[in-house]
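Going left to right, the sequence shown walks through residues 40 to 429 as our numbering numbers them. In this text, a Cβ means the ideal position worked out from N, Cα and C, and glycines have one as well. Please read all numbers here as calculations on a predicted model, not as lab measurements. Worksheet: the structure to be examined is printed underneath.
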Amino acid sequence: MIKYLRYTLMHLTLLAVIVSIFAGGPWILVTGAVAGAFLFLGDHFMGDYLDEPEYAHPGILNALLYLVLPLLAAGSLAQAWMLGSGDFLGIGTAIQNMTGFDVFAARAQTGLASILGTIVVLGVLIAAAGTNVGHELTHRTWSRRDMILGRWMLAFSANPDFAVEHVYNHHARVATIGDPATARRKDTNFWLWVPGAIWHEHVAAWRFEIDRLRKIGKPVLSVDNSMLRGYAMVLALAGIFFAAAGWLGVAVFLATALVGKLTLEVANYMEHFGLVRVPDEPVQPRHSWNTNKRMSSFVLYSLTRHSAHHEQGDLPFWVLNPYPDAPEMPHGYAGTFLAALCPPLWRRMITPLLLEWDAKQASPAEREIAQKENALSDIAELRRTTLAAG
Numbered sequence: 040m041i042k043y044l045r046y047t048l049m050h051l052t053l054l055a056v057i058v059s060i061f062a063g064g065p066w067i068l069v070t071g072a073v074a075g076a077f078l079f080l081g082d083h084f085m086g087d088y089l090d091e092p093e094y095a096h097p098g099i100l101n102a103l104l105y106l107v108l109p110l111l112a113a114g115s116l117a118q119a120w121m122l123g124s125g126d127f128l129g130i131g132t133a134i135q136n137m138t139g140f141d142v143f144a145a146r147a148q149t150g151l152a153s154i155l156g157t158i159v160v161l162g163v164l165i166a167a168a169g170t171n172v173g174h175e176l177t178h179r180t181w182s183r184r185d186m187i188l189g190r191w192m193l194a195f196s197a198n199p200d201f202a203v204e205h206v207y208n209h210h211a212r213v214a215t216i217g218d219p220a221t222a223r224r225k226d227t228n229f230w231l232w233v234p235g236a237i238w239h240e241h242v243a244a245w246r247f248e249i250d251r252l253r254k255i256g257k258p259v260l261s262v263d264n265s266m267l268r269g270y271a272m273v274l275a276l277a278g279i280f281f282a283a284a285g286w287l288g289v290a291v292f293l294a295t296a297l298v299g300k301l302t303l304e305v306a307n308y309m310e311h312f313g314l315v316r317v318p319d320e321p322v323q324p325r326h327s328w329n330t331n332k333r334m335s336s337f338v339l340y341s342l343t344r345h346s347a348h349h350e351q352g353d354l355p356f357w358v359l360n361p362y363p364d365a366p367e368m369p370h371g372y373a374g375t376f377l378a379a380l381c382p383p384l385w386r387r388m389i390t391p392l393l394l395e396w397d398a399k400q401a402s403p404a405e406r407e408i409a410q411k412e413n414a415l416s417d418i419a420e421l422r423r424t425t426l427a428a429g
């Protein structure tokens, strides 16, 4: 049973965040710091997880994925209630009657720092739980139920394009110049790269959806347009925040969604940075940065086994191959995530890994592409390899 229970770590984290929001004051900041330290230190001290256990009851794992949606909804309702001055949906009265805890007094002690903390902590969790699980479910294109649930999870980060662009464009074009979610070797500053990535991903999603609708003879402006349905989901969530806390609620919802979107883009950035592939050749494990750190694997539902995911995107997370020989991130997800936010540190950490990939994993054709990419990079050591090769 323990092999199932370890995938409840994200649920426990979400519950802790919900409680901390209602507790008011500094508790959301404390909870966020503890959760981040737990993941970072767990990766550092607990080593790799390379097991491939069999699961006799995959329905339990699916139920855990589905449970993320009501927990996300509860977290957002807690945030919306905290921002208001009344008792939206009678939530405060219900909690006070059940627990005896005065949530109204706790809310009165919640200042700007705690509101900002909620935006950051809940935003990161919306990505780590909602976008991550939504990503898993929207790959199940054979299940309308799972795709709808996944798209609702993506709505919390105002990210309707992901279910389209990621599944149908990113997986087809990963590690090529045609993929806006793959950062090139010249893109060593995440903060400069991310605006263009977000824009081009959204445009790519619209292009795919327009082309799909035309092929099946449906108008673009119709309920058949999954992008428009995604916008409607986002508007529905924004409407709940408006009902609870007016325009302040809408602003905080959008800010939280932006943090969630940026968190996703950091993941995109570090999962494929600088890797190259010959277009139209098969995607191989070497075209993604992998990590098998134990804590990240359990908390993030094996998103860490990214090489296997790109080899066959519709496989459920519990059957992914660890591929210990695939390109490896410099740390687990938490450590690599933090490094990606700091361009000088990122350049220092990723450069030797790229040089090793060029020498040991790239095909001859990929090595030629890599040399051209190195010539465009602002990393001097990469440019020197181009000169040496010439």
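- Three or more pairs of CB atoms, one per stretch, sit closer than 8 Å, so the stretch 223-235 contacts the stretch 298-318.
- Between the C-alpha atoms of L380 and T221 there is a straight-line separation of about 16 Å.
- Annotation note: the stretch 114-181 contains the following uninterrupted alpha helix (DSSP H) runs of length 4 or greater, listed N- to C-terminal: 130-138, 142-147, 151-164, 171-177.
- Boundaries of the alpha helix (DSSP H) harbouring M309: 265-311, taken from the DSSP string.
- Cβ atoms of I67 and T157 come within 8 Å of each other, at about 5 Å.
- No residue range can be given for Q400, since it is assigned to no alpha helix (DSSP H) and is classified by DSSP as neither H nor E.
- Inside the stretch 309-357, DSSP marks whole alpha helix (DSSP H) runs of 4 or more residues at positions 333-338, 345-350, from first to last along the chain.
- As computed with DSSP, E367 is found in a beta bridge with N329.
- Inter-residue distance for A194 and P109 is about 13 Å (C-alpha atoms, whole angstroms).
- Inclusion of L176 and G162 in the CB contact set at 8 Å is not warranted, their separation being larger than that value.
- Closest option to L394, judged by alpha-carbon separation, among H205, P382, Q410: Q410.
- In this model, W385 and G131 are separated by some 44 Å (Cα to Cα).
- Residue range 48-62 is occupied by the alpha helix (DSSP H) that includes L51.
- The three-state reading of DSSP puts D250 in helix, counting H, G and I together.
- A243 and V259 have their C-alpha atoms some 15 Å from each other.
- The stretch 127-144 makes no contact with the stretch 74-91; the number of CB pairs closer than 8 Å stays below 3.
- Within the model, the alpha-carbon separation for A414 versus P324 is close to 25 Å.
- Counting the other Cβ atoms within 10 Å of the Cβ of T138 gives fewer than 16, which makes it exposed.
- Taking the C-beta atoms as reference points, L252 is found no nearer than 8 Å to G169.
- Scanning its chain for C-beta atoms nearer than 6 Å, with the 5 sequence neighbours on each side dropped, one finds around H345 the residues E310, S327, N329, in chain order.
- Annotation: F356 to A296 spans about 25 Å, alpha carbon to alpha carbon.
- By the C-beta density criterion, K254 is exposed, having fewer than 16 other C-beta atoms within 10 angstroms.
- For D218, the closest C-alpha among the options E204, N228, F229, V159 is that of E204.
- At the C-beta level, F143 and A282 stay beyond 8 Å of one another.
- Nearest neighbour of A117 by Cα position, chosen from L106, A62, N101, A166, turns out to be A62.
- Excluding five sequence positions before and after V107, the CB atoms of its chain that fall closer than 8 Å to its own CB belong to M49, H50, L53, A168, G169, V172, M192, given in chain order.
- DSSP places D417 in the coil class of the three-state scheme, outside both helix and strand.
- Residue pairing by DSSP places D87 opposite K332 in a beta bridge.
- The residue among T215, D90, H83 with its C-alpha nearest the C-alpha of P321 is T215.
- D82 sits in a helix when the DSSP states are folded into three classes.
- Contact check between the stretch 79-99 and the stretch 353-372: three or more CB pairs, one atom from each, fall below 8 Å, which counts as touching.
- Where F201 is concerned, the enclosing alpha helix (DSSP H) starts and stops at 201-204.
- Residues of the same chain with a CB within less than 6 Å of the CB of R316, apart from the 5 flanking positions on each side, are A214, T215, H326 in chain order.
- Boundaries of the alpha helix (DSSP H) harbouring L377: 372-379, taken from the DSSP string.
- Remark: C-beta atoms of T227 and S416 approach each other more closely than 8 Å.
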